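Everything below concerns the one structure shown next.
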Amino acid sequence: MLEIKALPALSDNYIWVVKAQGSDTVAIVDPGEARPVLQYLSEHGLAVGAYLITHHHGDHVGGLDDLLAEHAAPVYGPRGEADRIAQITDAVAGGDQFSLDFLGVDFEVIDVPGHTLGHIAYVTPGVLLAGDALFRGGCGRVFEGSHAQMQASLARLRALPEATEVYGGHEYTQKNLAFAQTVEPESSAIATVIREVDALRANGEPTLPGTLAEERDINPFLRWDQPDVIAAAEQRAGRSLTDAGEIFAVLREWKDAS
Ligand SMILES: [Zn+2]
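Taking the numbering used here, the leading residue of the sequence shown gets 9, the next gets one more, and so forth.
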């Protein structure tokens, strides 16, 4: 049984601390800064067994040097970005599996290009460490890849078991859901999650993780094949859309402009 703790970092990032129940060795996911991690480790008397990196952006790797200076451990990261993340010791790519004995679990790596070209996600049963590929109610911007590539990446994530909890890299949920509601104003599922999320934020609590089951119901970027979403995208584009990548592109550009 894994315990996964969110450490807020920078303006709206989450650094995830992954721990097996009863253990004092943890994995640190996407440390964009060192300070909150160092403080948490020392407060709880924890050691680092590994770092897991999803992509090269500074708000996901910026804390590595200072952390490694005090807590040396293997750094898993995307093979496709190993030239941009000097600290990687274990470069991995889609289809790779590795086990972290201190957690008692195996991870599988999924390629999710789009936000960056080498972006990877880590999956262990029940848990998806999604980086900036998938957020609660939204997805990352397409910076390096094509929209078709990003849509194919999200299709891979959507195919995971629906009970999977999604640990994304940012607290963007309220803005994401506002956009989701623009796309599907009649959705009661979105309205319900907005109420839940507003209550969490009012208490200063993270809104992540969500589950894939919920994401399939509320996240427009996982709903390219739903009639209401297609109709909204077609209205936005002013033409009929048949290709999933095209529908995704219209939604993503709509969100970027909103
Ligand atoms: Zn990023």
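Glycine residues also receive a C-beta, built at the ideal position from the N, C-alpha and C atoms.
Fair warning: this is a prediction, and the values are worked out from it, not measured in the lab.
### Task
Return helix, strand or coil for residue 86, following the three-state DSSP convention.
Taking the sequence shown and counting its residues from 1, one reaches residue 86 at position 78. Reduced to three states, the DSSP call for residue 86 is strand.
### Task
Check each candidate in 126, 212, 102 and 167 and name the one with the smallest Cα separation from residue 151.
The count along the sequence shown starts at 1 and reaches residue 151 at position 143. For residue 151, the nearest C-alpha among the options comes from 126.
### Message
On the criterion of 16 or more Cβ atoms from any shown chain inside 10 Å, does residue 99 qualify as buried, or is it exposed?
### Response
Translated into the one-based positions of the sequence shown, residue 99 becomes position 91. Classification of residue 99: buried, given that the 10 Å Cβ count is 16 or more.
### Message
For a quick check, are the C-beta atoms of residue 38 and residue 68 less than 7 Å apart?
### Response
As a position in the sequence shown, residue 38 is number 30, starting the count at 1. As a position in the sequence shown, residue 68 is number 60, starting the count at 1. Contact flag set, yes.
### Where residue 227 falls: helix, strand or coil (DSSP)
Here the question's residue 227 lines up with position 219 in the sequence shown. Coil at residue 227, not helix or strand.
### Where residue 176 falls, given that 16 or more other Cβ within 10 Å makes a residue buried
By one-based count along the sequence shown, residue 176 stands at place 168. When all chains shown are included, residue 176 counts as buried.
### Message
One question on the structure: do residue 104 and residue 117 come within less than 7 Å of each other, judged by their Cβ atoms?
### Response
Translated into positions along the sequence shown, residue 104 becomes position 96. Translated into positions along the sequence shown, residue 117 becomes position 109. Cβ atoms of residue 104 and residue 117: closer than 7 Å.
#### Entry: Cβ neighbour criterion (16 or more within 10 Å) applied to residue 264
As a first step, residue 264 is located in the sequence shown; it is residue number 256 there, counting from the start. Under this definition residue 264 is an exposed residue.
### Message
I'd like the list of long-range same chain contacts for residue 140, defined as Cβ closer than 6 Å, with 5 residues on each side in sequence excluded.
### Response
Here residue 140 corresponds to residue number 132 of the sequence shown, with the count starting at 1. Same-chain partners within the cutoff: 123, 148 and 177.
### Message
So residue 20 and residue 179 are supposed to be a Cβ contact under 8 Å. How far apart are they, rounded?
### Response
Here the question's residue 20 lines up with position 12 in the sequence shown. Here the question's residue 179 lines up with position 171 in the sequence shown. The pair is a contact, with the Cβ atoms about 5 Å apart (cut-off 8 Å).
### Query
Is it the case that the CB of residue 32 approaches a heavy atom of ligand 1 more closely than 6 Å?
Here residue 32 refers to the residue found at position 24 of the sequence shown. For ligand 1, not one heavy atom lies less than 6 Å from the Cβ of residue 32.
#### Entry: Cβ pair residue 184, residue 145 closer than 7 Å
Along the sequence shown, read from residue 1 onward, the residue named residue 184 stands at position 176. Along the sequence shown, read from residue 1 onward, the residue named residue 145 stands at position 137. The answer is yes: Cβ separation under 7 Å.
### Counted within 10 angstroms of its Cβ, other Cβ atoms place residue 119 as buried (16 or more) or exposed
Residue 119 sits at position 111 when you count from the first residue of the sequence shown. With 16 or more Cβ atoms within 10 Å of its Cβ, residue 119 is classed as buried.
### Message
Any heavy atom of ligand 1 closer than 6 Å to the beta-carbon of residue 140?
### Response
Numbered from its first residue, the sequence shown carries residue 140 at position 132. Yes, the Cβ of residue 140 comes within 6 Å of a heavy atom of ligand 1.
### Task
Could you check what DSSP says for residue 49 in three-state terms: helix, strand or coil?
Taking the sequence shown and counting its residues from 1, the one referred to as residue 49 is at position 41. Helix at residue 49.
### Message
Assuming residue 78 is part of the alpha helix (DSSP H), what are its boundary residues?
### Response
As a first step, residue 78 is located in the sequence shown; it is residue number 70 there, counting from the start. Unbroken alpha helix (DSSP H) run through residue 78: 72-78.
### Query
So does residue 65 have its beta carbon nearer than 6 Å to some heavy atom of ligand 1?
Position 57 of the sequence shown, counted from the start, is the residue given in the question as residue 65. At least one heavy atom of ligand 1 is nearer than 6 Å to the Cβ of residue 65, so yes.
### Task
Excluding the 5 residues preceding and the 5 following residue 219 in the sequence, name in chain order all residues of the same chain whose CB lies nearer than 8 Å to its CB.
Position 211 of the sequence shown holds residue 219. The answer, listed in chain order, is 170, 171, 172, 173 and 174.
### Query
Do you know how far the Cα of residue 47 is from the Cα of residue 16?
For the purposes of this step, residue 16 is identified with residue 8 of the sequence shown, where counting begins at 1. For the purposes of this step, residue 47 is identified with residue 39 of the sequence shown, where counting begins at 1. Their backbone Cα atoms lie some 12 Å apart in a straight line.
### Message
Cutting at 8 Å between CB atoms, please list the residues of its own chain near residue 199, excluding the five before and the five after it.
### Response
On the sequence shown, residue 199 is found 191 positions in, with the first residue counted as 1. Once the five neighbours on either side are set aside, the close Cβ partners of residue 199 are 189.
### Message
On the CB-based measure, 16 or more other CB atoms within 10 Å of its CB, does residue 231 come out buried or exposed?
### Response
Within the sequence shown, the letter at position 223 stands for residue 231. Classification for residue 231: buried.
### Query
Who are the Cβ neighbours of residue 215 in its own chain at under 7 Å, not counting the five residues just before and after it?
Here the question's residue 215 lines up with position 207 in the sequence shown. Once the five neighbours on either side are set aside, the close Cβ partners of residue 215 are 144, 179, 181, 205, 208 and 209.
### Task
Find out if the Cβ-Cβ distance for the pair residue 224, residue 155 is shorter than 7 Å.
Counted from its first residue, the sequence shown places residue 224 at position 216. Counted from its first residue, the sequence shown places residue 155 at position 147. Cβ atoms of residue 224 and residue 155: not closer than 7 Å.
### Query
With burial defined as no fewer than 16 other Cβ atoms inside 10 Å of the residue's Cβ, what is the status of residue 41: buried or exposed?
By 1-based counting over the sequence shown, the position of residue 41 is 33. Buried, because 16 or more other Cβ atoms sit within 10 Å of the Cβ of residue 41.
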